[in-house]
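In this note's numbering, the protein residues as written are 85 to 583. Cβ atoms here follow ideal geometry from the backbone N, Cα and C, with glycine treated the same way. The structure presented is a predicted model; accordingly, all values stated were derived computationally and were not measured. Structure first, then comments.
See below:
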C-alpha cells in the first residue's frame, strides 16, 4: 500500500479535481474500478435516481435496512458541511483516515500516472488539467465509495445517482433494483429541455432483465420509462398501479398537517399514511421527514424492499434470505434523518432548511411552508391568551435564498417569492453561485421587501434579527446555501447555550 497523504491533502486534491466540472461518461470510472479489482461487482447495490427525492429515498432505504439488522453502505451527494457525509456505513460517516488512505491508493493507480507526491506540489491543477485520463471529482469519490463498501463488506450498498443516470459514474455493475423517484426539469443544459429527454437520460440506469421502481406519474415520462423497460425486458413497478400511498384524512376531508410545538412534535404529528403493495399492507405509517413528497418517497422505499423480498428470497446474503420486519419498517421511517430537507432547526422562530434547487422542488417547498404557516397561525389562535404581542397577528415568512447561476432562477423565485413577507438574497461561497444582483433582477417582479447580502452567514443573521418568535424563517435555493446556513445556526445555537 502506498504512503498515505493527510486528510487535508486528500480533500484539497479532491477539490482540485473540480476544475474539470461535469464531464459525463463511463470510460474513466470503468478504468479506475478495473484497476481496483472492480469492487462494485462485490456489492449488492440498490441504485437510486430521479430529479428530486433520490437522496431522501436513499436515506429511508438505508434506515429501514439498518433497523432490519443489515450492514448498509450509503453513498449520496453533495455534502452539506463536510465531505465525509457522502460515504456512510450504518449512519457513520467514513473516517478521515480512510479518506486519506483510499484517496492515496486510487490516486497512485499507474494507469493515470499519479504520484503521492503530487498532493503537495504547487502546480497540481495544471498537471491534472493536462492529463487526458484524469478523473472528475465525482468519479474519484464514487470509486472511493465502492472500494470502501467492498472492503468493509457491507451487506447492501445504497447508491444515489449524481446527475442524470445513463452516463453517471454510479451507473456501473448490476444493481438488485433501480429506482427513478420522479422526473422534472433540472440540469437542462446537460440532460435536455423536455421531460421526454430528461426521462430518457434517467432511464439509462435501467438494466437488461432488471427491476425498475418509480413514483413518477407524468404521462410523458412514464412513456419513456415503460418503453425502455420493454426494450430491456426489465420489470417495471410504479406508483398507483403496482403500489399505493394513501394519506389518512380527517372526517372533514382535510389531510393531517404538522403542528409546530417543538421540533420533535413534527414527527409525531406528521400525516399517517397507508402503503399497499403486491403483498404488503402497512397502515398508519409515519416518517419524520416533512412533506407529502416524503410519503411518496417512503412508498418508493417500501416498494423496493417488498420487491427485493420477492426476488431475493434464498440467494440473498449467502442464503440467509432477505427479510424485512414490520417493526424495522416503522422504526426506520420514524427515525430516518436527512438534514437540509424541510429540516426544522428551531421552534421560535420556526427555522426551516430546504435544499430546493429547481421549480419542482420549489413547488413542494411552497406548499409545505403554507401548510406550516397555517398550522402556526391555527396554534396561535388556540393559545392567543399566552402572549398578545405575538398572537394578534399572522406569522411572517422570511426567505433567505441563494441559487446556482446555471439553475432556473426565475422558475424557483416565481414560486417562492409571492408567499414571502421578506426576502434576503445571498450567495454561497462557490464560483457557480449566482450573484445577488442577478437574483434581484429575477425576483423584483414578485416581491417588495428585498435585502441583498453577499454572505450567507450575514443573511441568516439579519433574517434572524428581523424574525419574531411566531414567525417562520426558511433558507433555501441550493444545497450549498443550506450547508452554510446550517453551519451558521449550529454555531449560533452553541453560542447561545454557553450564555
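Are residue i and residue j closer than 7 Å when you measure CB to CB?
{"i": "residue 75", "j": "residue 512", "result": "It is not possible to answer for residue 75, since the shown part of the chain is limited to 85 through 583."}
{"i": "residue 124", "j": "residue 224", "result": "no"}
{"i": "residue 193", "j": "residue 119", "result": "yes"}
{"i": "residue 481", "j": "residue 487", "result": "no"}
{"i": "residue 264", "j": "residue 134", "result": "yes"}
{"i": "residue 416", "j": "residue 151", "result": "yes"}
{"i": "residue 130", "j": "residue 242", "result": "yes"}
{"i": "residue 523", "j": "residue 504", "result": "no"}
{"i": "residue 560", "j": "residue 485", "result": "yes"}
{"i": "residue 497", "j": "residue 520", "result": "no"}
{"i": "residue 299", "j": "residue 380", "result": "yes"}
{"i": "residue 88", "j": "residue 169", "result": "no"}
{"i": "residue 270", "j": "residue 442", "result": "yes"}
{"i": "residue 149", "j": "residue 240", "result": "yes"}
{"i": "residue 127", "j": "residue 234", "result": "yes"}
{"i": "residue 374", "j": "residue 422", "result": "no"}
{"i": "residue 623", "j": "residue 508", "result": "Any answer about residue 623 is impossible in this case: the structure gives the chain only from 85 up to 583."}
{"i": "residue 390", "j": "residue 364", "result": "yes"}
{"i": "residue 478", "j": "residue 462", "result": "no"}
{"i": "residue 499", "j": "residue 447", "result": "yes"}
{"i": "residue 262", "j": "residue 289", "result": "yes"}
{"i": "residue 183", "j": "residue 94", "result": "yes"}
{"i": "residue 439", "j": "residue 566", "result": "yes"}
Nearest to residue i by CA position, among the options, is which residue?
{"i": "residue 445", "options": "158, 292, 376 and 408", "result": "376"}
{"i": "residue 568", "options": "437, 329 and 132", "result": "437"}
{"i": "residue 314", "options": "287, 301 and 326", "result": "287"}
{"i": "residue 590", "options": "391, 539 and 424", "result": "Within the shown structure, residues of the chain are numbered from 85 to 583, placing residue 590 beyond reach of any answer."}
{"i": "residue 245", "options": "177, 276, 140 and 181", "result": "140"}
{"i": "residue 541", "options": "122, 327, 169 and 570", "result": "570"}
{"i": "residue 153", "options": "526, 365, 409 and 451", "result": "409"}
{"i": "residue 411", "options": "103, 147 and 115", "result": "147"}
{"i": "residue 232", "options": "440, 189 and 566", "result": "189"}
{"i": "residue 297", "options": "278, 303, 178 and 318", "result": "318"}
{"i": "residue 434", "options": "547, 117, 260 and 392", "result": "547"}
{"i": "residue 329", "options": "239, 369 and 234", "result": "369"}
{"i": "residue 249", "options": "132, 161 and 95", "result": "132"}
{"i": "residue 291", "options": "302, 256 and 517", "result": "256"}
{"i": "residue 98", "options": "222, 418, 316 and 181", "result": "222"}
{"i": "residue 420", "options": "121, 101, 302 and 142", "result": "142"}
{"i": "residue 238", "options": "276, 260, 173 and 406", "result": "173"}
{"i": "residue 584", "options": "164, 177 and 166", "result": "This structure cannot speak to residue 584, because the chain is shown only from 85 to 583."}
{"i": "residue 539", "options": "572, 117 and 161", "result": "572"}
{"i": "residue 277", "options": "491, 526 and 518", "result": "491"}
{"i": "residue 258", "options": "502, 517, 293 and 562", "result": "293"}
{"i": "residue 31", "options": "574, 219, 101 and 439", "result": "Residue 31 lies beyond the range of the chain shown here (85 to 583); nothing can be said about it."}
{"i": "residue 413", "options": "117, 92, 107 and 145", "result": "145"}
Which class does residue i belong to by DSSP, given the choice of helix, strand or coil?
{"i": "residue 88", "result": "coil"}
{"i": "residue 578", "result": "helix"}
{"i": "residue 93", "result": "helix"}
{"i": "residue 254", "result": "coil"}
{"i": "residue 536", "result": "strand"}
{"i": "residue 365", "result": "strand"}
{"i": "residue 331", "result": "strand"}
{"i": "residue 235", "result": "helix"}
{"i": "residue 193", "result": "coil"}
{"i": "residue 408", "result": "coil"}
{"i": "residue 421", "result": "coil"}
{"i": "residue 264", "result": "strand"}
{"i": "residue 300", "result": "coil"}
{"i": "residue 284", "result": "helix"}
{"i": "residue 278", "result": "coil"}
{"i": "residue 241", "result": "strand"}
{"i": "residue 336", "result": "The pLDDT assigned to residue 336 is 43, lower than 50, so where the model puts this residue is not dependable; a value taken from the coordinates is nonetheless given after this. Three-state result, residue 336: coil."}
{"i": "residue 212", "result": "Low per-residue confidence applies at residue 212: pLDDT is 39, beneath 50, and the placement is therefore not dependable, though the value from the model is reported in the following sentence. Helix at residue 212."}
{"i": "residue 450", "result": "helix"}
{"i": "residue 460", "result": "helix"}
{"i": "residue 225", "result": "helix"}
{"i": "residue 374", "result": "coil"}
{"i": "residue 429", "result": "strand"}
{"i": "residue 322", "result": "strand"}
{"i": "residue 497", "result": "helix"}
{"i": "residue 220", "result": "coil"}
When you compare the CB of residue i with every CB in chain D, is at least one pair closer than 7 Å?
{"i": "residue 185", "result": "Absent from the structure: chain D. Only one protein chain is present."}
* Within the stretch 114-180, ranges of the beta strand (DSSP E) (whole runs, at least 3 residues) -> 129-133, 156-159 and 171-173
* To do: Please determine if the stretch 377-387 and the stretch 526-545 are in contact, where contact requires at least 3 C-beta pairs separated by less than 8 Å.
  => no
* To do: Indicate whether the contact test is met: 3 or more Cβ pairs, each with one atom in the stretch 353-367 and one in the stretch 425-437, closer than 8 Å.
  => no
* For the 8 Å Cβ check, are there 3 or more pairs between the stretch 451-466 and the stretch 544-563? -> Touching, yes.
* Asked: Does the stretch 302-322 come close enough to the stretch 277-291 to have 3 or more Cβ pairs within less than 8 Å?
  -> yes
* Whole beta strand (DSSP E) runs in the stretch 507-561 with 3 or more residues, listed along the chain? -> 534-536 and 556-560
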